[in-house]
Amino acid sequence: MTAQSATTAAPRGAADRLVLVGRFAALAYLNFLVWLSVWVLVPMLALGWTPMAVESGSMGPVIRAGDVVMIAPYRGEMLKPGKIVTFDDPAEPGRIVTHRITGTGEDGTYQTKGDANQDADSTPVPAENIQGVGRLIVPRVGLPVIWLQQQRYPLLAGWMLSVLLAIGLLAPSKPTAQSSPAPARPPRTRRSRPAVAPVARTRPARRPRRAPGLPLPAPPVFALPLPLPPAPAVAAAAAPIPAAPAFAPPAPATVPPVIYRVRLPQPPAALDLPAPPRWTVSAVPPAPGTAPVAPIPPPPRPAAVRRGSALGAREVPGWSGRLHAILLVLALTAGLGLAGAVQAPAALAAFTSTRWSTVANTGNAFTADRLQPTSNLTISAPLIACRINIGWSHSSSAWRDGYRVYRALNADSGYTLLATLVSTQGTYTDDTVTSSTITYYYRVVAYEAVNWESVSNEEVHSAPSLAGCGS
Amino acid sequence: MTGSLRFQLAAAIAGLAMVSGLVFQTSSAAFSGTTTNTGNSFAAGTVSLTDDDSGSAMFSLTNLKPGDSSTKCIELTYTGSLATSIKMYGAIGGGTSLGQYLTVTITSGTPGTFADCSTFSGTQIYTGTLANFATTYTNWATGLDDANWTPNTNGQTRAYKFVVTLQDNNSAQGLTATSTSFTWEAQNT
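Following this line, the structure appears as structure tokens:
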């Protein structure tokens, strides 16, 4: 409520310098953003390269999370170690990995490794898994995509906000001193227009376009050299407003507000920001007893002012608003649009580089034992008829469970188990011989557990009519 | 106004130059072909597994007889910072196919060390022949997933108990399986 007018020029000078610095930063930031985007979009559109946003740091330090690698389609050529390739992870189908080739296998596969990984990737990459060869790295520009994919929305929102803020900072002539009471609602008729000429209103505003809370778009500056006309001194359409309630119902105009034109300190040459705002408008109610310097005129076409809005002071001419919208769209496509562009070709596959580590217990060896055979197999006919005695030397496998005696009627086949003996037994008498005219064949093996038997490399047989126990 | 325009042009060109420089610098660093992190400065997030075998094999078994069994534990320590999952796989490097007659039972649990398995308890994750293990689980892609252990912070440990038993099969006599390895791999998830 205090009259500020020209007396505030000095403090505002400092503030404005701050604003200028902010604008410069915003300009630089958006400039940076746009050119980074161009580096992604141009190779993509002109050369058919695919942007891939890197999700993890396994290729650090040269490729960091958030960098975008532009990959050229792989045409099946032989790749040398050192190339960075993007491939379908053979270890985990569906996962896209970008690593460096460190070697080739004789079967046509490639060994790959993340620069930041201690070990090479454990699974060799077949050539058919390779999707493309890295050609260009655009730093950091993929961060929004990564945030989106990782659902780190606060970061994403913060980034978008910073873009919007940068755009907002570049907005022209932000009225800064608005400390007067609720603005008078401009009269709706031209008849009430006072004779005093309004302050430099160049042309009637068409439709003020502005988002509440966002400073109206500035004549767009960033990166693109847009020829801008001299910024029209923005006329305060209505009146100063109290800071807070932007949409408070306007109070009836009681005192015509006063408008002062305050010339901002000329920015230093280096900070010579384009176009707009070297003007700011401040309006204060006339101090009691003082004559208004320049009574504000009602706007020529007050209907254009958003109803109920007290922000009329920030109207800008329509063309500028349009330009502004274009710029806003440009900036958003440079950011979000780019995000989409990066995301789409990557087929939504998270671009993951993997860190891994192995540990192994190696050199394990297992050797099974072998049952040693019996030896010195002998046969003799005892004095008792119809019996045959067999003897052998023990197997050297002391761990045997025992011996098994087999008998057959042929030399090499048809053996059947005749007896199972304990491991200490070295002789056996076959008392089931039924004929002296038959030749019996015997084998003796050592056995262990159930199924293990020593080989039977010896066999003995009875001589015909050996026993003489019948024919 | 012309000065302003010139400034804008200059700013745009400067921006282009700066960004292009950045792009080329980054790219040339990455694509110079031989860059493989010579400084050993590995990035912050790490995955690292170690074990307590001090380079010794768990099993060096000779003269196995049918039914012979050997039990060994090994303790793994995760020293990384990323959340990981663990898979196991194996290989039999040589020998004469004894693997098909060796039954292996692997249990994941705690506590247990390479030296002492006495108080171990855990969940069995594999039982079958050694040959089957080594041919089924050959690398990360085909590996045996141990869902019981998904280390994510430094210093977490896990013990694995192996019981190897020779089957009572006469064909196993005198066979060998050498250079057999059991590998654990951790990958960040």
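So the protein sequences, as listed, match chains A and B.
Counting along the first sequence from 1, when you hit position 95 you're at 95 in my numbering, and nothing is skipped either side.
So my numbering is basically just the index in the second sequence, starting at one, shifted up by 1000.
Every residue, glycine too, gets a C-beta built ideally from N, C-alpha and C.
Contacts of residue i in chain B (Cβ-Cβ under 9 Å)
i               : result
W452 of chain A : K1065, P1066, D1168, N1169, N1170, A1172, Q1173
D16 of chain A  : Result: empty, since nearest Cβ-Cβ is about 17 Å, beyond 9 Å.
Chain-ordered chain A contacts of residue i [CB-CB under 9 Å]
i                : result
Q1187 of chain B : A91, E92, S122, T354, R355, W356, S357
S1181 of chain B : A360, N361, T362, G363, N364
Residue-level contact to chain B via CB, residue i, 8 Å cutoff
i               : result
G363 of chain A : yes
A166 of chain A : no
P73 of chain A  : no
R404 of chain A : no
T367 of chain A : yes
I379 of chain A : no
L371 of chain A : yes
W35 of chain A  : yes
V62 of chain A  : yes
W399 of chain A : yes
Contact set between residue i and chain B, taken where Cβ atoms lie within less than 8 Å
i              : result
F32 of chain A : G1015, M1018, V1019
P43 of chain A : By Cβ distance, chain B contributes nothing, its closest Cβ being about 10 Å from P43 of chain A, past 8 Å.
L27 of chain A : A1011
W39 of chain A : V1019, S1020, V1023
Close Cβ partners of residue i (< 6 Å) along its chain, the five nearest in sequence each way excluded
i                : result
D1116 of chain B : none
L155 of chain A  : W147
F1182 of chain B : G1090
T427 of chain A  : G391
G1094 of chain B : T1178, S1179
P382 of chain A  : N389
V455 of chain A  : P373
R1158 of chain B : L1076, W1149
Among the options, the one whose alpha carbon lies nearest that of residue i
i                : options                            : result
I1190 of chain B : B:G1094, B:Q1156, B:G1122, B:G1099 : Since the first residue of chain B shown is 1001 and the last is 1189, residue 1190 of chain B is not available in this structure.
M70 of chain A   : A:T439, A:C386, A:V141             : A:V141
D1145 of chain B : A:S454, A:E92, A:D121              : A:E92
T1077 of chain B : B:T1062, B:N1063, B:F1114          : B:F1114
I473 of chain A  : A:P373, A:S435, A:Q425             : Because chain A is modelled from 1 through 471, residue 473 of chain A falls outside the range shown and cannot be assessed.
T50 of chain A   : A:R75, A:G134, A:S395              : A:G134
R404 of chain A  : A:G103, A:G414, A:A419             : A:A419
Q1167 of chain B : B:S1069, B:G1143, B:S1028          : B:S1069
Contact set for residue i: own chain, Cβ-Cβ below 8 Å, skip 5 residues either direction
i                : result
T1046 of chain B : T1079, G1080, S1081, L1082
M1058 of chain B : K1072, I1074, F1114, F1162, F1182
Own chain, CB closer than 7 Å to residue i, minus 5 neighbours either side, in chain order
i                : result
N1139 of chain B : Y1089
G60 of chain A   : D115, A116
W1184 of chain B : L1049, L1076, I1086, M1088
S380 of chain A  : N389
G105 of chain A  : Q111, P124
Within-8 Å CB hit, residue i to chain A
i                : result
L1049 of chain B : yes
G1080 of chain B : yes
W1149 of chain B : no
N1139 of chain B : yes
L1098 of chain B : yes
V1164 of chain B : yes
T1178 of chain B : yes
W1184 of chain B : yes
I1074 of chain B : yes
T1136 of chain B : no
Buried/exposed call for residue i, threshold 16 Cβ in 10 Å
i                : result
S375 of chain A  : exposed
I384 of chain A  : exposed
T1165 of chain B : buried
D431 of chain A  : exposed
A1172 of chain B : buried
W399 of chain A  : exposed
N457 of chain A  : exposed
V54 of chain A   : buried
T1026 of chain B : buried
Where residue i meets chain B, residues with beta-carbon distance less than 7 Å
i               : result
E448 of chain A : K1065, P1066
V138 of chain A : V1023
Chain-ordered chain A contacts of residue i [CB-CB under 7 Å]
i                : result
L1102 of chain B : F366
D1053 of chain B : N361
T1046 of chain B : R355
Neighbouring residues, chain A, relative to residue i (Cβ below 8 Å)
i                : result
F1059 of chain B : N364, A365, F366
T1071 of chain B : In chain order: nothing, as chain A lies at least about 13 Å away.
S1027 of chain B : R135, L136, I137
Proximity test, residue i beta-carbon vs the ligand SAM heavy atom, cut-off 7 Å
i              : result
D88 of chain A : You won't find the ligand SAM in this model; it holds no ligand whatsoever.
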